[in-house]
Amino acid sequence: MFRQLLSKIKSAKRRSHIASLQPNQLTQMVRMVAATRPHEIGCDECFEQLDRFAELHLAGRNAVEALPLVQDHLDRCGDCREEFELLMTALRAGAETA
Amino acid sequence: MWYLGAAMAERSNQEWLADLQGAQREAAIADLRTVLLRGLRYGMASYGVTEADLEDFVQEALLKTLDNLASFRGEALFTTWAQKVAARVALSELRRRRWRDVSLQDLLAEHEGSDFTPDILTDQGSSPEQAALRRIMLDKIQRMIAEELTEKQRQAMSAVMQGGMPLQEVAVRMGTNRNALYKLIHDARQRLQRRMQREGIVPDEILAMFAEG
Numbered sequence: 001m002f003r004q005l006l007s008k009i010k011s012a013k014r015r016s017h018i019a020s021l022q023p024n025q026l027t028q029m030v031r032m033v034a035a036t037r038p039h040e041i042g043c044d045e046c047f048e049q050l051d052r053f054a055e056l057h058l059a060g061r062n063a064v065e066a067l068p069l070v071q072d073h074l075d076r077c078g079d080c081r082e083e084f085e086l087l088m089t090a091l092r093a094g095a096e097t098a
Numbered sequence: 099m100w101y102l103g104a105a106m107a108e109r110s111n112q113e114w115l116a117d118l119q120g121a122q123r124e125a126a127i128a129d130l131r132t133v134l135l136r137g138l139r140y141g142m143a144s145y146g147v148t149e150a151d152l153e154d155f156v157q158e159a160l161l162k163t164l165d166n167l168a169s170f171r172g173e174a175l176f177t178t179w180a181q182k183v184a185a186r187v188a189l190s191e192l193r194r195r196r197w198r199d200v201s202l203q204d205l206l207a208e209h210e211g212s213d214f215t216p217d218i219l220t221d222q223g224s225s226p227e228q229a230a231l232r233r234i235m236l237d238k239i240q241r242m243i244a245e246e247l248t249e250k251q252r253q254a255m256s257a258v259m260q261g262g263m264p265l266q267e268v269a270v271r272m273g274t275n276r277n278a279l280y281k282l283i284h285d286a287r288q289r290l291q292r293r294m295q296r297e298g299i300v301p302d303e304i305l306a307m308f309a310e311g
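So the protein lines, in turn, are chains A and B.
Residue numbering for the first sequence follows my numbering, starting at 1 and increasing by one per position.
Residue numbering for the second sequence follows my numbering, starting at 99 and increasing by one per position.
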């Protein structure tokens, strides 16, 4: 009896963070889960390859084909995507003043 | 290279490395500063940052670059590599400033505060059967989240789904870093994916269920 009660309390506590999942959040989460791949790179690995990825883009080469995991990460991670976009604009500054 | 600009001395990667560590150090640093500043000034034109901000970002980026010369692998131009560092430094600082006064609790409370029976469950256009099925599915997914994920993973997923706060800032508030947080969330997504597969739940069917009427 006591154990059951304890387990109920624990379970309620466990749910505390996503206590009231709204339908829009549910669909967002289901999309995130459905798009999950076993191998994804993290932000550090993406950053390591970002300079090469940017140069391939600027050279008009197929960066996505050459570094698919970088593109995959950029699609999922807003912070890295923002940094990539800034990098691209910054590099184009060099092109425009050349 | 064509997009590097004429203002700076043309250097190969090897020359950059040699100059930055040799007798030409001062001149090389000045040239690199010029390149990075021009890039950020152009790239951040719409960010509402001051010239003093840009100079601070570049200064920090220069220090980071000089500290990490040994990790430059030469897979891109040296200036591209350094500009990448500058982009990250600048945006990291801006995120820190922008979110300085928002705690993770504030962010999550905002979400919890919106607790109400969603329209989609009470919508006049949907039948009682549809509404009941949606409610069952919501409960089912919530149970999966409770059973499959750790407290940290639930917190991270909540913060990310709440939207707005950059991963970097969520990470700081959770006492971790962005890379580790990404991996934590990736693991959470994988756990939920496996559980959904085990239970025969097809994502497209859930999406269709919540898309109609």
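Cβ atoms here follow ideal geometry from the backbone N, Cα and C, with glycine treated the same way.
Using a CB distance cut-off of 8 Å, residue 141(B) counts as an interface residue toward chain A. In this structure, the straight-line span from the alpha carbon of residue 128(B) to that of residue 114(B) is close to 12 Å.
In this structure, DSSP gives residue 117(B) a helical state, which the three-state scheme calls helix.
Pairing residue 309(B) with residue 303(B), the inter-Cα distance amounts to about 10 Å.
Spatial neighbours of residue 231(B) in its own chain (CB-CB distance under 8 Å, excluding positions within 5 residues in sequence) are listed in chain order as 307. Among the residues facing chain A, residue 207(B) is not included, as its CB has no counterpart in that chain under 8 Å away. Per DSSP, residue 77(A) lies in no alpha helix (DSSP H) and is assigned neither H nor E.
If you look at residue 256(B), you'll find it in the alpha helix (DSSP H) that goes 249 to 260. Residues of chain A whose Cβ lies closer than 7 Å to the Cβ of residue 137(B) are, in chain order, 90, 91, 93, 94.
Using a Cβ-Cβ cut-off of 8 Å, residue 272(B) does not count as an interface residue toward chain A, since no Cβ of chain A sits closer than that to its own. A distance below 8 Å separates the beta carbons of residue 283(B) and residue 254(B). Rounded to the nearest angstrom, the gap between the Cα atoms of residue 68(A) and residue 227(B) is 43 Å.
At the C-beta level, residue 276(B) and residue 265(B) come within 8 Å of one another. In terms of beta-carbon proximity, residue 295(B) stays away from the interface with chain A, with every pair separated by 8 Å or more.
Taking a C-beta cut-off of 7 Å against chain A, the contacting residues of the region 280 to 310 of chain B are 280, 281, 284, 287, 288, 290, 291, 294, 301, 304, 305, 308, listed in chain order.
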